[in-house]
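Protein chains: 2
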Amino acid sequence: MVRRAASREDGQRPTTIRDVAAHAGVSVATVSRILSGTYPSAPATRGKVMRAVRELDYVANANARGLAGASSRSVAIIVNSVISPHYAYVAQGVQTQAALEGKLCIVGTTGGDPEREFATVQLMRQEQAECVILVGNVVNDAAYRERMGEYARALALAGSQLVLCGRPALGPGVPALVVEYDNTAGAYAVTSHLLSAGHRRILFLGRRDGYTTQDSRVAGYRGALADHRVPHDPRLEVEGTMERHEGYRMVRERLDAGPADFTAIFACNDLIAAGARQALRERGLRVPDDISMVGFDDLPTAADIELTTVHVPHEELGRTAVRLALERRQDASGMTGHLMLGTHIIVRDSVRPLRGAGDPTP
Amino acid sequence: MVRRAASREDGQRPTTIRDVAAHAGVSVATVSRILSGTYPSAPATRGKVMRAVRELDYVANANARGLAGASSRSVAIIVNSVISPHYAYVAQGVQTQAALEGKLCIVGTTGGDPEREFATVQLMRQEQAECVILVGNVVNDAAYRERMGEYARALALAGSQLVLCGRPALGPGVPALVVEYDNTAGAYAVTSHLLSAGHRRILFLGRRDGYTTQDSRVAGYRGALADHRVPHDPRLEVEGTMERHEGYRMVRERLDAGPADFTAIFACNDLIAAGARQALRERGLRVPDDISMVGFDDLPTAADIELTTVHVPHEELGRTAVRLALERRQDASGMTGHLMLGTHIIVRDSVRPLRGAGDPTP
DNA sequence: AGGAGGTGTTTAAACGTTTACATCGCAGAT
DNA sequence: ATCTGCGATGTAAACGTTTAAACACCTCCT
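From first to last, the protein sequence lines stand for chains A and B. Heads up: the first sequence is residues 2 to 363, going by my numbering. Heads up: the second sequence is residues 2 to 363, going by my numbering.
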């Protein structure tokens with residue numbers, strides 16, 4: 002009691018379960034049991050305890066609770082950035098489902114840096130998170146998979162569960178859940194949409210080799226071209242990241258280099274599309290009158306600019322990740338699993354048939 | 002040791018500081034000291050311990066650490082929703098600054114429901130958060146202030162700190178920090194901008210009495226009208242929440258009721274503006290050719306639709322909230338304080354002088 | 001030679017819960 | 001009247017850290 006007396010002389014200390022017990026005239030065990038609810042108790046005692054709790058304004062100490070082995074812990078989500086709408090939606094889904102299951106949600110951001118991602122996963126392991134949800138685009142080479150695989154095992158050992166959300170699996174035998182959506186199919190669909198309108202020279206904005214999301218989308222783009230027997234011109238694939246200003250830059254640089262050598266644009270996501278559209282307008286080009294355009298993600302911005310795009314079930318992705326992780330932990334049936342959610346095209350007003358096109362959908 | 006043996010038979014248990022100590026041949030105290038870094042130690046011992054940590058892949062248990070009284074804890078942020086861009090930006094700021102200070106960030110959402118907000122604050126108190134940041138729009142009546150004031154006191158007692166971010170103070174004597182931005186001045190500026198262009202009938206979209214943000218903005222709007230000697234017509238103030246679809250609804254209903262009786266629109270935020278713009282377009286009205294429009298918040302959507310708006314330092318708001326809270330806690334100088342950040346108008350292409358207007362800025 | 005003053009390390013007492021096990025009444029069966 | 005069984009409560013041992021206080025050792029001074 003030495004330390005307590007010393008450290009408490011300055012002011013009041015927060016009420017503990019002991020204070021409640023004393024105030025209610027019962028033992029701490031009884032208070033604990035009544036508060037956790039999962040135990041029979043006499044109504045009279047229950048009333049006394051509840052009154053004491055109210056009168057003392059007691060709230061339990063989550064640290065102590067966690068330490069002593071109470072099950073309910075927290076759900077961790079790790080994203081590149083919170084302001085990118087796609088991540089925001091997934092985070093919203095995670096947070097909603099977590100709240101529903103009575104857990105709270107802790108968030109980490111990486112800025113897209115794998116090193117920070119690793120560090121954040123460690124942090125979440127410290128924090129005893131019940132599951133760790135890793136969201137989105139990342140460079141996914143062998144070294145990364147190997148290392149993240151080890152982290153997954155370490156988490157499993159600590160009773161936690163790694164979930165990959167919107168990115169491919171790490172490899173066989175790695176104890177991680179995967180909740181994906183179909184990037185390639187979406188990109189295929191929306192590229193076909195352009196091709197059916199007669200477009201042949203379609204600029205792809207936002208290629209970035211090695212990054213999972215962008216690789217899958219460029220694959221869908223190429224697949225559609227191939228199936229429509231349109232020769233693949235690598236010069237039409239412009240490299241860039243998935244931000245608005247990159248879309249602006251890519252189109253700007255392209256138009257600075259010479260007149261438009263394309264009739265349509267496939268933007269790797271809607272943000273790029275928005276930026277690209279602005280650059281086009283500054284050069285007097287209108288969407289869809291002069292240039293057709295499609296995007297990906299179906300963010301609110303797409304509605305603003307009347308953009309035909311691919312709908313992604315962002316929020317469902319997040320909710321499913323949490324739900325799956327928690328139910329897997331309950332029955333402890335193997336800790337791997339793979340779920341692929343569907344995507345579908347949303348047609349708005351950003352594509353016009355190419356004048357004099359010969360091939361309006363066979 | 003009974004429980005341990007029983008509960009551990011199924012598999013390996015996570016490594017504890019004791020394992021590390023044993024493996025390195027020192028005591029747990031030494032390991033703890035070396036890991037926390039804030040203590041002298043012999044390089045040889047340090048090496049042994051670090052090697053043991055690496056070999057065993059040890060990470061400390063945050064619950065135990067928190068219980069035992071280590072200082073570094075977490076920062077809590079409570080917002081209406083994560084997908085609303087304004088909140089997302091503030092959250093990003095909070096998360097950034099928290100990471101910078103070596104703390105992690107736990108997020109709660111309320112969906113705008115005061116009851117859920119209270120519950121979430123309690124949750125954060127349980128979690129021993131170092132500070133609790135409450136963000137944004139809320140109905141701020143006497144009952145609310147009274148109750149939240151008590152929560153603030155409870156937090157203070159537990160060594161935590163309540164921060165109100167982007168909303169007004171609770172009252173004198175309540176131990177809470179306030180970090181605001183100037184809603185009224187911003188609304189005044191942007192309304193004046195419309196008035197200077199000759200507009201007299203300005204539709205205000207998104208009035209909602211009792212809600213802090215909306216009240217301040219409508220006050221700025223009215224103030225500007227008064228100063229320009231334009232009679233105030235309550236029929237021009239349309240009620241609604243601050244979402245995109247509400248902007249759409251409000252304009253839609255207005256135009257359904259009869260021809261436009263306004264020449265300009267002040268949307269309470271950019272999301273409303275985006276929705277309103279869409280409704281206008283569906284009725285063949287163009288911004289700015291037919292109707293002038295201004296918004297508030299300077300979200301990315303505003304750039305897309307070329308909207309003149311008020312810039313709000315969202316991220317700085319979040320960063321400042323964290324910074325202030327943590328430094329206040331250090332020197333423990335009174336736990337109240339008030340900071341007002343500035344806003345400024347961003348002129349884009351959504352306002353045209355009114356034809357035949359007599360008053361093009363004196 | 002006998003401290004004094006540093007280092008570096010260990011010992012052990014907290015921190016605030018949960019929960020296995022022990023205990024205590026008390027009703028109903030024998 | 002005694003035993004059985006059960007429901008309600010109490011006792012005390014964890015949980016994995018931090019940290020004050022004690023301790024051991026070494027060097028330097030007088």
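Even glycine gets a Cβ: it sits at the ideal position worked out from N, Cα and C.
Could you pull the DSSP bridge partners for residue i from this structure?
i         : result
Ser298(A) : According to the sequence as given, residue 298(A) is Asp; it is not Ser. DSSP output for Asp298(A) lists His312(A) as bridge partner(s).
Met341(B) : Glu181(B)
Val108(B) : Cys106(A) and Ile78(B)
Ile306(A) : Ile306(A) pairs with nothing; no bridge assigned.
Glu240(B) : Arg208(B)
Which of the three DSSP states is assigned to residue i in this structure?
i         : result
Glu247(A) : helix
Asp348(B) : In the sequence on display, residue 348(B) carries Val and not Asp. In this structure, Val348(B) counts as coil in the three-state DSSP scheme.
Gly94(B)  : helix
Leu206(A) : strand
Tyr152(B) : helix
Ala265(A) : strand
Leu355(A) : coil
Ile273(B) : helix
Met2(B)   : Confidence at Met2(B) is low in this model, with a pLDDT of 30, below 50, so its placement is unreliable and the value that follows should be read with caution. DSSP places Met2(B) in coil when its eight states are reduced to three.
Ser85(B)  : coil
Ser293(A) : strand
Arg230(A) : coil
Ala71(A)  : coil
Pro173(B) : coil
Tyr40(A)  : coil
Glu10(B)  : Its pLDDT being 38, under 50, Glu10(B) is placed unreliably by the model, and the measurement read from it follows with that caveat. In the structure shown, Glu10(B) sits in coil (DSSP, three-state: anything other than H, G, I, E or B).
Asp257(B) : helix
Val60(B)  : coil
Leu196(A) : helix
Ser33(B)  : helix
Which chain B residues sit within Cβ distance under 9 Å of residue i?
i         : result
Val352(A) : Neighbours of Val352(A) on chain B: none; closest Cβ ~18 Å, over 9 Å.
Ala411(A) : Because chain A is modelled from 2 through 363, residue 411(A) falls outside the range shown and cannot be assessed.
In chain B, what lies closer than 7 Å to residue i by C-beta?
i        : result
Gly67(A) : Asn64
Pro15(A) : Leu158 and Ala159
Let me know if residue i comes out buried or exposed under the rule of 16 or more other beta-carbons within 10 Å of its beta-carbon.
i         : result
Thr16(B)  : buried
Val76(A)  : buried
Asp299(B) : buried
Ala43(B)  : exposed
Ala326(A) : buried
Leu247(A) : Before going on, a small fix: residue 247(A) reads as Glu here, not Leu. Buried.
Thr39(A)  : exposed
Met149(B) : buried
Gly343(B) : exposed
Asp305(A) : buried
Arg218(B) : buried
Ser384(A) : The structure shown does not extend to residue 384(A), since chain A spans only 2 to 363, so no value can be given for it.
Asp114(A) : exposed
Glu131(B) : buried
Val348(B) : exposed
His398(B) : The requested residue 398(B) does not occur in the structure, where chain B is confined to residues 2 to 363.
Arg52(A)  : exposed
Asp290(A) : exposed
His339(B) : exposed
Listing by chain order, which chain A residues have their CB less than 8 Å from the CB of residue i?
i         : result
Ser82(B)  : Gln93
Val76(B)  : Chain A residues near Val76(B): none, gap ~10 Å exceeds 8 Å.
Gln129(B) : Asn62, Ala63 and Asn64
Give the interface partners of residue i over in chain B, defined as CB-CB distance under 8 Å, in chain order.
i         : result
Val136(A) : Simply none; closest approach about 13 Å.
Leu237(A) : Simply none; closest approach about 25 Å.
Gln162(A) : The contacting residues do not exist; Gln162(A) stays about 14 Å from chain B at best.
For residue i, which residues in chain A fall below 7 Å Cβ to Cβ?
i         : result
Tyr90(B)  : Ile84
Arg245(B) : Pro301
Arg126(B) : Val60
Gln96(B)  : Val83, Val108 and Thr110
Ile35(B)  : Near Ile35(B) there are no residues of chain A at all, since even the closest Cβ is about 17 Å away, more than 7 Å.
Strictly below 9 Å CB to CB, what residues from chain A border residue i?
i         : result
Ala155(B) : Pro15, Asp58 and Val60
Ile266(B) : By Cβ distance, chain A contributes nothing, its closest Cβ being about 16 Å from Ile266(B), past 9 Å.
Output the residue ranges of the alpha helix (DSSP H) runs that lie fully inside the segment 120-167 of chain B and measure 4 residues or longer, sorted by chain position. Listed in chain order, they are 143-158.
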